[in-house]
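Take any residue in the sequence shown, note its place counting from 1, add 49, and you have its number in the numbering used here.
Every residue gets a Cβ at the ideal spot worked out from N, C-alpha and C, and that includes glycine.
Presented below is the structure to which this report refers.
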Amino acid sequence: MAMRNRQKNNFMLLKSVDEEETVGIVEIVEKLAPEAEQKTGKSAKKTRKVEKPETPAKPEKKAEKKTKGRRGINVSDLDFPTKVKVKAKTFPESDKAAVQKQEKVDRDASDEESATPQPSSETDHKRHHKRHKPAAKSTKLIFLVGAIVGVLGALYFGASNSSVGVEFPDFDTFVNFDSMSALLDDWKSVLPSSVNKMMSDFMETSKLHGSAESFAVGRSMQKEGLSTKFPVVMVPGVISTGLESWGLDGTEGCPSEQHFRKRLWGSFYMMKTMVMDKTCWLKHIMLDTETGLDPPNIRVRAAQGFEAADFFMAGYWIWNKILQNLAVIGYNPENMVSAAYDWRLSYLDLEIRDGYFSRLKSAIELQKKNSPTGEKSLLVGHSMGSQIIFYFMKWVEASGENFGNGGPNWVNDHVSGFVDISGSMLGTPKAIPALLSGEMKDTIQLNSLAVQGLEKFFSRRERVDMLRSFGGIASMLPKGGKVIWGDQESAPDDEASFMNINSTDNDAVNAPIDTYGNFISFPQVVGKYSAKNLTMDESIDFLLDQTSVSYKKRTKQHYSYGITKSRAQLKKNNQDYSKWVNPLEAELPNAPDMKIYCFYGVGNPTERSYTYREELDKSEHNLNVTIELNSQNAVKLADGDGTVSILTHTMCHKWKQAGSIYNPGNSRVTIVEMKHEPDRFDIRGGAKTAEHVDILGSAELNELVLRVASGKGDEIEDRYVSNLKEVTEKMDF
50 MAMRNRQKNN
60 FMLLKSVDEE
70 ETVGIVEIVE
80 KLAPEAEQKT
90 GKSAKKTRKV
100 EKPETPAKPE
110 KKAEKKTKGR
120 RGINVSDLDF
130 PTKVKVKAKT
140 FPESDKAAVQ
150 KQEKVDRDAS
160 DEESATPQPS
170 SETDHKRHHK
180 RHKPAAKSTK
190 LIFLVGAIVG
200 VLGALYFGAS
210 NSSVGVEFPD
220 FDTFVNFDSM
230 SALLDDWKSV
240 LPSSVNKMMS
250 DFMETSKLHG
260 SAESFAVGRS
270 MQKEGLSTKF
280 PVVMVPGVIS
290 TGLESWGLDG
300 TEGCPSEQHF
310 RKRLWGSFYM
320 MKTMVMDKTC
330 WLKHIMLDTE
340 TGLDPPNIRV
350 RAAQGFEAAD
360 FFMAGYWIWN
370 KILQNLAVIG
380 YNPENMVSAA
390 YDWRLSYLDL
400 EIRDGYFSRL
410 KSAIELQKKN
420 SPTGEKSLLV
430 GHSMGSQIIF
440 YFMKWVEASG
450 ENFGNGGPNW
460 VNDHVSGFVD
470 ISGSMLGTPK
480 AIPALLSGEM
490 KDTIQLNSLA
500 VQGLEKFFSR
510 RERVDMLRSF
520 GGIASMLPKG
530 GKVIWGDQES
540 APDDEASFMN
550 INSTDNDAVN
560 APIDTYGNFI
570 SFPQVVGKYS
580 AKNLTMDESI
590 DFLLDQTSVS
600 YKKRTKQHYS
610 YGITKSRAQL
620 KKNNQDYSKW
630 VNPLEAELPN
640 APDMKIYCFY
650 GVGNPTERSY
660 TYREELDKSE
670 HNLNVTIELN
680 SQNAVKLADG
690 DGTVSILTHT
700 MCHKWKQAGS
710 IYNPGNSRVT
720 IVEMKHEPDR
730 FDIRGGAKTA
740 EHVDILGSAE
750 LNELVLRVAS
760 GKGDEIEDRY
770 VSNLKEVTEK
780 MDF
């Protein structure tokens, strides 16, 4: 009976051994050795000690404690000791025979144990399966989810809407991060606990960061007592507004019905259509090259409402931060509107085709009428939106067909202030290479393989043709000529001190070889196109000479890029709509009660001038000139916000000067320059960014906008980070 107990005890010791610890096998051998010695009569003392009655539960408990949290070994799978090399001990021949005999006894005990399971063995067995069960479920679930996602993705991206009668929601709607928590709740009972915890932690972190960053400024201002005062009108910048298809006919081979009310610009649907059917996407998105309006049988219009520009596509916000913070202090659709527009159109065509300026005028008049205290509207523009606002203030007071006919006092009576956020009032240099050769810093900095890939997918010629069909892009060509942008001898921003030395991207900043005034440089003369270097105004003429007759005619019909120094000429230009996009040729309205706020970023290297080459084989890209990719100075950088050169804000400083002929009503002007100090761990720059688009999420910018909207704009003080003020004073106006 005692021998039977010892066999059971040895069996339980074997059951508790961790299969991952080979050293435990040596311990088993040591435990079996005394019994082998007892068989041969060599260790009577040890035999008597082993034969001492013991309770079977104690060794089991001890083994459990030793191997807590580990998986037990199934004895039937353990081939011991014949297949395990044990170097810790050696036995004489007589001992080996004893061990083999003991091994046979143990196997018999194991068979008996299998026939009559012990309670402890059953417990270990259940524990073993319990530990493996979640892993199996997790694998099956992941496989199932992956299969579903794969099928849905294949159907969504691969199915042709014209041949498959199944409608799928837009990916932009499907990817709704706000509904992720609800989706997680539905799957909690199925997902493994570890996945649930990971997702819960992620959602909690996202929730905290999202609410803090999105509403913190508004709540802080609310605690200071800020609330709604002026009705707000927001005007987005270029490419910010989504564009939707409203046509049904289309062209042969490119029907429009499948795109009805889908966003062909500013959505994941745009990306899908662009990749799957680039030719038809271009036919829908491009304007007629002769009229500058809709192509035959195609109708694409700007999206409307706050959703038109709050996000460019799912996850990439534009105006959303400002909307959220304004909402905290009491703004809603009753006292706030988003004046989205089709940025592809020339400005007057916005009125002719869409009645845009008439609708904007009516919205502002309605805001004043509905305001409990009859407050005037605050116009807030970003990038091209600032140019649209300036054009509107000239249009609304002009008399004639297609004009506002509001009279000389309309702006002063209806507009409390004009907030210019990173506005391109005097244009931006990067507009010229975009229209000339379809290039910019972002495209030329790609490696050669990526450049070739981009060229195959969306060539420079295709980019040029698309951009030239957009009449609105030409409004962003630089204005002011040599006075603002310099000549071949010098430029206002040639001074080394002009570029913020403490820029966060110093490696990208390069001092000009000669002067920024040489806007387009040709190091090598090949033919007539590279005969000489070009200044800014010469570059615009050079560009127009490379375009079609219709494009050149329409551009000169709608825009002007010069400078007027005569007060009389400025008055005369009040009725010339081609001058209204250029504040150097059109004065501000006579609105002494209107206040102007210029908020813009500095210290972020920005495209300023370029090195070009004349193509030897002009048929290769169907272009006469392209940027010299092999030059270290292919793109020369200077101060700005990463998109718009700081020189374009010269106009704000000129308006601010006492007695400026460009500000006849002596409207008060406040200028705040914001240094670009991005958070390196935030892909959008964080609270201190001053990048051209990301500045809309800047904590400081949001605070400034809220203070102006709540009637506290007078408390904002001027702040200069650059020396643009001094540079402007030296310019020959």
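query	result
C-beta atoms of V460 and V445 nearer than 8 Å	yes
Endpoints, alpha helix (DSSP H) assigned at L331	327 to 334
Cα-Cα separation, A707 to G379	37 Å
Residues bridged to T613 [DSSP beta-bridge criterion]	Beta-bridge pairing links T613 to no other residue.
Reduced DSSP category for M626 - H, G, I as helix; E, B as strand; rest coil	First, the residue type needs correcting, since residue 626 is Tyr and not Met in the sequence shown. In the structure shown, Y626 sits in a helix (DSSP, three-state: H, G or I).
Nonlocal neighbours in the same chain, by C-beta distance under 8 Å from L755, ignoring five residues either side	V266, G267, M270, L275, N374, L375, I378
Assigned secondary structure, I481 (DSSP; H/G/I helix, E/B strand, else coil)	helix
Buried or exposed (CB count within 10 angstroms, at least 16 for buried), D128	In this prediction, D128 scores a pLDDT of 46, lower than 50, which makes its location untrustworthy; no coordinate-derived value is stated.
Top-ranked residue by Cα proximity to Y390, from G521, L593, P527, N384	G521
N631 versus M474: straight-line alpha-carbon distance, rounded	7 Å
Check whether D469 and K531 have beta carbons under 8 Å apart	no
Inter-stretch contact (C-beta, 8 Å, three-pair minimum) for the region 666 to 683 and the region 737 to 752	no
Of the listed residues A412, I437, K425, nearest to Y626 (C-alpha basis)	I437
Bounding residues of the alpha helix (DSSP H) (the contiguous stretch that carries F406)	405 to 419
Bridge-paired residues (DSSP) for F648	I470, V721
Nearest-angstrom Cβ-Cβ length linking R717 and I645, presumed shorter than 8 Å	7 Å
Bridge-paired residues (DSSP) for G689	S694
Own chain, CB closer than 6 Å to I635, minus 5 neighbours either side, in chain order	Here the sequence assigns Ala to residue 635, which means Ile is not the residue at that position. K443, N622, K628, W629, listed in sequence order.
Exposure of Q618, with buried meaning 16 or more beta-carbon neighbours within 10 Å	exposed
Residue environment, T660, which counts as buried when at least 16 other CB atoms sit within 10 Å	buried
Segment contact, 8 Å Cβ cut-off, at least three pairs: the region 500 to 513 with the region 720 to 727	no
Unbroken alpha helix (DSSP H) run spanning V429, endpoints	Unbroken run through V429 is the beta strand (DSSP E), 426 to 431; no alpha helix (DSSP H).
With 16 other Cβ atoms within 10 Å as the buried cut-off, status of L409	buried
Reduced DSSP category for M489 - H, G, I as helix; E, B as strand; rest coil	coil
Integer-rounded CB distance, given that T584 should sit under 8 Å from D536	5 Å
G529 vs L633 beta-carbon contact at 8 Å	yes
Environment of K278 [buried if 16+ CB atoms lie within 10 Å]	buried
Of the listed residues E306, T719, E488, E414, nearest to G296 (C-alpha basis)	E306
Which residues DSSP lists as bridging I676, in chain order	Y661
Spatial neighbours of K136 in its chain, beta-carbon cut-off 6 Å, leaving aside the 5 residues before and after	With a pLDDT of 43 at K136, under the threshold of 50, the modelled position of this residue cannot be trusted, and the question is left open.
Cβ-based neighbour list, K774, same chain, cut-off 6 Å, excluding 5 preceding and 5 following	H702
Residue ranges of each alpha helix (DSSP H) within the region 720 to 769, 4 or longer	748 to 758
Residues bridged to N653 (per DSSP)	D690
Where W368 falls: helix, strand or coil (DSSP)	coil
C701 - partner residues in DSSP beta bridges	Bridge partners of C701: none, in fact.
Endpoints, beta strand (DSSP E) assigned at R350	349 to 351
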